[in-house]
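Structure first, then comments.
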Amino acid sequence: MSIQPEHFEPHPHILLTNHARKAECRLSAQGLIQVHVYTSRANTPLPDVSVSISQKYPDGQKNLISMQTTDTSGNTKPVLITTPNLSDSQTPGNGTPFAVVDIAVDLPLFERVVIDDVQVFPNTLSIQDIQLQPRDALPSTWGDSLKFQVPPQNL
44 MSIQPEHFEP HPHILLTNHA RKAECRLSAQ GLIQVHVYTS RANTPLPDVS VSISQKYPDG
104 QKNLISMQTT DTSGNTKPVL ITTPNLSDSQ TPGNGTPFAV VDIAVDLPLF ERVVIDDVQV
164 FPNTLSIQDI QLQPRDALPS TWGDSLKFQV PPQNL
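What follows is the structure, given as structure tokens:
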């Protein structure tokens, strides 16, 4: 799905730090990320799942962009992410053509999932599917998280 960034505005409840404003100078295009959370092989959607999305900037800093819960279909609302310009990726050696975000997903009685370095491209809606597994009945596993890291694409 292609988007037209000029039709989107930053969420009014997100206060950009000075660091985020500086990073926006280098990252001036926009893309969207949406999370879909489900359980089992039948892709049963999970409502009311807590989802946090943090953007990672080229200098290693992170900024919390969104905290929301999934709807009855297991989806979050799309979140606007600042990305590198599409034109910057048209020639080799011009840097990474995508922004990266970290996503953390929590629901009582299910394993917590953290996915690092999810790629968001300019003018694109990226959808991250996350399957949650029920926790064991024993309290010893309640603090555990499943952690995944998305390797960068060789573009």
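Residues 44 to 198 (the numbering used here) are what the sequence shown spells out, left to right.
Note that CB positions come from ideal geometry on N, CA and C, so glycine has one too.
Quiz item: Taking the alpha-carbon positions, what's the ARG84 to VAL144 distance?
Solution: Here residue 84 refers to the residue found at position 41 when the sequence shown is read from its first residue. Here residue 144 refers to the residue found at position 101 when the sequence shown is read from its first residue. In this structure, the alpha-carbon of ARG84 lies about 26 Å from that of VAL144.
Quiz item: At a cut of 8 Å, does the segment 123 to 133 reach the segment 148 to 161 through at least three beta carbon pairs?
Solution: no
Quiz item: Where does ASP160 fall in DSSP's three states?
Solution: In the sequence shown, the residue the question calls residue 160 occupies position 117. DSSP places ASP160 within a strand segment (E or B) once states are collapsed to three.
Quiz prompt | For ASP74, the residue or residues it bridges with in DSSP | solution = Your numbering for residue 74 matches position 31 in the sequence shown. For the sequence presented, residue 74 should be read as Gly rather than Asp. Looking at the DSSP assignment, GLY74 forms a beta bridge with ILE124.
Exercise. Return the residue from the list LYS105, PRO101, ASP149, LYS190 that minimises the CA-CA distance to THR112.
Key: For the purposes of this step, residue 112 is taken as residue 69 along the sequence shown, with counting starting at 1. Taking the Cα of THR112 as reference, the smallest distance to any Cα among LYS105, PRO101, ASP149, LYS190 is reached at ASP149.
Quiz prompt | Residues near VAL163 by beta carbon distance below 8 Å, same chain, minus five either side | solution = In the sequence shown, the residue the question calls residue 163 occupies position 120. GLY74, LEU75, ILE76, ILE124, THR126, PHE141, ALA142, VAL143, VAL144, SER169, listed in sequence order.
Quiz prompt | Coarse secondary structure for SER116, derived from DSSP in three states | solution = For the purposes of this step, residue 116 is taken as the residue at position 73 of the sequence shown. Reduced to three states, the DSSP call for SER116 is coil.
Quiz item: Can you give, in chain order, each stretch of the beta strand (DSSP E) that sits fully within the segment 127 to 153 and has at least 3 residues?
Solution: Runs found: 142 to 149.
Practice problem: Take SER93 as the anchor and find which of GLY103, PRO101, ASN86, TYR81 has the nearest alpha-carbon. | Solution: For the purposes of this step, residue 93 is taken as residue 50 along the sequence shown, with counting starting at 1. Comparing Cα positions, the closest option is TYR81.
Quiz prompt | Alpha-carbon to alpha-carbon, THR167 and ALA72 | solution = For the purposes of this step, residue 72 is identified with residue 29 of the sequence shown, where counting begins at 1. For the purposes of this step, residue 167 is identified with residue 124 of the sequence shown, where counting begins at 1. About 10 Å.
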